[in-house]
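Participant: Throughout the sequence shown, residue numbering follows this note's numbering, covering 19 to 141 in sequence.
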Amino acid sequence: ATLRRIARDLDSTELLTTLTTSRKTRHLRRLGVRMLAESLTQRFAAALSPPPEHERRPPPEQLPVSPASEALRRRRAERLAGVRRVLVASHLQRQVRAGWRGAAAIGAVGLLFFRVAVVAFCK
């Protein structure tokens, strides 16, 4: 019930529009570019030059896990997946109900993801 109330209170169309077009959120977009560029740089550097033999560590050994612990972990993962489904479905439904504003917001977010990825990759 609480999750549905939070999802209902959030105006996702306005949030998407603000994130993609507002000058106030420019620093967030630039931060996203910088973080993605750093991550890509680290991954490419690691892939192109593996560490020397003396720096390689053996993979950590798996700790024993009790069946009860494994069941709790699986249950938590299932709940998280359910929460994600509810949130994504409710926000997509809201975008559809918003009509052209919702379609524009989804398109703007897609374009923003593309812009951030291209700029980060170029850095």
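Think of the CB as a built atom: it goes at the ideal place given N, C-alpha and C, for glycine as much as any other residue.
Remember, it's a predicted structure, so these values are computed and weren't measured experimentally.
(1) Do the CB positions of valine 134 and leucine 58 come within less than 8 Å of each other?
(2) Terminal residues of the continuous alpha helix (DSSP H) containing glutamate 79?
(3) Find out if the Cβ-Cβ distance for the pair threonine 31, alanine 123 is shorter than 8 Å.
(4) If I'm right that leucine 12 touches alanine 126 with Cβ under 8 Å, what's the distance once you round it to whole angstroms?
(5) Give me, in chain order, the residues of the same chain whose beta-carbon lies closer than 6 Å to that of histidine 109; leave out the 5 immediate sequence neighbours on both sides.
(6) Would you kindly work out how many angstroms separate the C-alpha atoms of arginine 103 and proline 70, rounded to a whole number?
(7) Please classify glycine 120 as buried or exposed, where buried requires at least 16 other C-beta atoms within 10 Å of its C-beta.
(8) What residues in its chain sit with their C-beta under 8 Å from that of threonine 38, if we drop five residues either side in the sequence?
(9) Along the chain, where does the alpha helix (DSSP H) containing threonine 43 start, and where does it finish?
(10) Taking 8 Å as the limit between beta carbons, can you name the residues of its chain near threonine 43, skipping five residues before and five after?
(11) Can you round the beta-carbon distance between alanine 107 and valine 51 to whole angstroms, since I take them to be within the 8 Å contact cut?
Facilitator: Well, looking at it:
(1) no
(2) Looking at the DSSP string, glutamate 79 is not in any alpha helix (DSSP H), and its letter there is neither H nor E.
(3) yes
(4) Outside the shown range of the chain, which is 19 to 141, sits residue 12, and nothing can be said about it.
(5) Sequence-distant Cβ neighbours of histidine 109 in its own chain, meaning closer than 6 Å and more than five residues away, are Ser30.
(6) Their Cα atoms are separated by approximately 44 Å.
(7) buried
(8) Ala123, Ala126, Val127, Leu129, Leu130
(9) That residue, threonine 43, is in no alpha helix (DSSP H); it is neither H nor E in DSSP.
(10) Thr36, Leu37
(11) Not a contact, Cβ separation roughly 30 Å.
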